[in-house]
Structures are given as C-alpha cells and as structure tokens.
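Trainee: Quick note, this note's numbering runs 67 ahead of the 1-based positions in the sequence shown.
Built from N, CA and C at the ideal position, the CB exists for glycine as well.
Remember, it's a predicted structure, so these values are computed and weren't measured experimentally.
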Amino acid sequence: MSLAEGSPIPLPTIPPVTGPAVPRPAVPPKSSIRIYRLGDPAAVVGQTDEIRAALFPGTQDRQLQVHPASGALWFDTGRRSGGTRPLPGPQARELALGFLEGARRRIAGSARLRGAGLDQLLPGDLRLVDTLSFGASAPGNGARTVCRFARLLRPGSTEAPVPVLGESVDVWVDAGGTVQALASTCRVLTGDEPVARIVPPKDDDPAAEVPEEEKMKLIYVSGDEDAERDTTCPFWIRYDDDEAELAPASGHSMLVRILPTTGQGAMGFTADVYGGSGRYAYAWRAWSPSAPGEFLDLGSGGTARIGPGVYDVALRVRDTVHSVTERAALRVMCS
C-alpha cells in the first residue's frame, strides 16, 4: 500500500507452478540461515470482519481492504479530528506505538484469528524508520502524521534482526490524536527453516578497505504486494547511489529477471535466474493493459515469444528442489 489514501488495484496473476520436492539434508547451525515460509493470503481475506474488529473495535463505517495476492491490509476509519496542524512527531510516534501494542493484544486474544494462524498478523519486530506530517488538504480532511515501521526478521537465533525489503506498517494519526488509518504490507508467516548460508561476494580488490556504509549487508526480500509468494529469503545488499546490488545469502534465495530480445514481427523472452538449486519450472503469461482479464499463455519453458502489440509479460519460476517461487514482470511494445 502507498501513503496515498485509496484502495489498491490487484494486478492479474498467473497460476502456480509446482514440482517435485526432495528431502532436505540437515544444515549445521554455524553454516545455516533462516528462510521464512508464508501463509495463504486467502486466510486473511476470509477473516476481514474479525481483523477489523481487532484493529478498530466498534468501527463499522469503513471496510477493511485485503490484497488477495499478498494479504496486505488497508483500513481507514474515516474519522478526522483536530485542527489544521499535525501533531509533533514524538507525540504521534507514542500514540502509534500504543495503538500497535493494543491491536496485537486484541489479535492474539481472538480465538478465530488464532485458529486461522493469524495471531501474528501485526509483527512484533518493527523498527520506526520515518515520520511524515501532512497539513489539512480540504475542509473535513484535517492534518495528520504517518509513522512508518519496517519489519525485521532474524537470520538466526543469536543474530540481530534485519529489515525485510518490501514490508512495512504505516499508522496514521490525526491532529486530534486519533489513529484513523492503518496500512500493512507484512505477510503472514507459518514458520522458519534453517538452510545453507552463502557468504557475501568478495570485492574486486580484496586488499582495498571498504567503508562500512559500502559493505554488503544482510536483508530479507519480500517484493511487491501484487506478487504472490510462498517464501521470504535472505539476500546480501549493497547500495550504490540510486541502485542496489543484490546477491543470494542462502541456497534457497533466487533472483529472477526477464530478458527481452527483438525479432522479425515478434519479441522473445528469456528467463534469467540467479541462485536456487538450478532446477526450475516456468510459467509465462501476458495480457494487454487495455484488457487485463484476457490472458495469453506463453508456455512453460525457459523462453517465450509474443507477436506485435503492447503487453504486460509475467514469469513465475519455481525451484522444484527447494519449493521456492519467484516472479518477474515486464511491460513491452512489439511492432
């Protein structure tokens, strides 16, 4: 969900690809790192009324919106109070933290949410990363402050938690001190699994001293809320100006890209996969932006082709050994 107050538009999806799984050997603790398996977003969709009651008790005037692909949440109570000047940042942060603590207690106390595996719907490991204030934009739409919290996950039992790229919780506090909206892109976890750890890539010049801010750091990657996922895996990341360099931090971590090539009256695509076991299953689909409900099946190989037109092309790659799925998408124009 973005900071803009509005509902997300789900993108078309492609059906899952499945493949045979094989037994996984035990990984020694010192050379392991955690991956996190994810729950079914349909479980969140099926409990919208119970979740709404836990987040904002007694509020019936607005609907809780749940993204069907990821289980991301958006809820706006419609309440506006206070004046045209937003609260000071420290006061808004204190109110946001108090709201999250109370919401977690109510969620954990719901037998229905516990039974659906949603008792950790709002993660406990959150870190405040930003506080943004907005003045009144129109009569009846007063000033507000949004507190953004990043989700954290632990790579190992004795390691400090690290950020999850693509997952956050936004809490909106109006000028009167009322929490009036919540957005969460945090996915539901069903458990963690120790797998083989991969050390970060070495620098081109091993003798050179690398400043601390330029060293590769460990993160987890969740991806866009529009993409279905079954696993959250760790990666090494290094930021360089406006770009980020990623490398797998586990034997299960995969990076997927679509490489386009032009031809006579058609466009070709190649699946570029970095990481994983090396054994993959593929599924390709395409659709026109003007007709998002009309899908073209482009096959299940490592390459695909499409004729003239403007298309959104989606690729799903399934690691058939590790049972991890990644997705890539690309908009193309072929004349």
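Just to confirm, is the Cβ distance from A381 to A358 under 8 Å?
Mentor: no
Trainee: What are the start and end residues of the beta strand (DSSP E) that includes T392?
Mentor: 391-401
Trainee: Which residues bound the beta strand (DSSP E) around F302?
Mentor: 298-307
Trainee: Can you tell me the Cα-Cα spacing of G191 and C401, whole angstroms?
Mentor: 47 Å
Trainee: Rounded to the nearest angstrom, how far is the Cβ of S344 from that of D386, given a contact under 8 Å?
Mentor: 5 Å
Trainee: Express the C-alpha separation of G184 and A109 in angstroms, rounding to a whole number.
Mentor: Straight through space, the alpha carbons of G184 and A109 are spaced by roughly 12 Å.
Trainee: In chain order, what residues of the same chain have a beta carbon less than 7 Å from the beta carbon of D197, not counting five sequence neighbours either side?
Mentor: R215
Trainee: Can you give me the start and stop residues for the alpha helix (DSSP H) that F166 sits inside?
Mentor: 156-175
Trainee: Based on DSSP bridge pairs, tell me the residues matched to M321.
Mentor: G342
Trainee: Closer than 8 Å by C-beta to S455: which residues in its own chain qualify, once you throw out the five before and the five after it? Chain order, please.
Mentor: With the chain running from 68 to 402 in the structure shown, residue 455 is simply not present.
Trainee: Under the rule that 16 or more other beta-carbon atoms within 10 Å means buried, what is L326, buried or exposed?
Mentor: exposed
Trainee: Which partner residues does T212 have in the DSSP bridge list?
Mentor: Answer is S200, V240, bridged to T212.
Trainee: R324 to D339, Cα distance in whole Å?
Mentor: 5 Å
Trainee: Using the Cα positions of Q331 and V240, report the straight-line distance between them to the nearest angstrom.
Mentor: The alpha-carbon atoms of Q331 and V240 are separated by roughly 56 Å.
Trainee: For M334, which residues does DSSP report across the bridge?
Mentor: T329, I373
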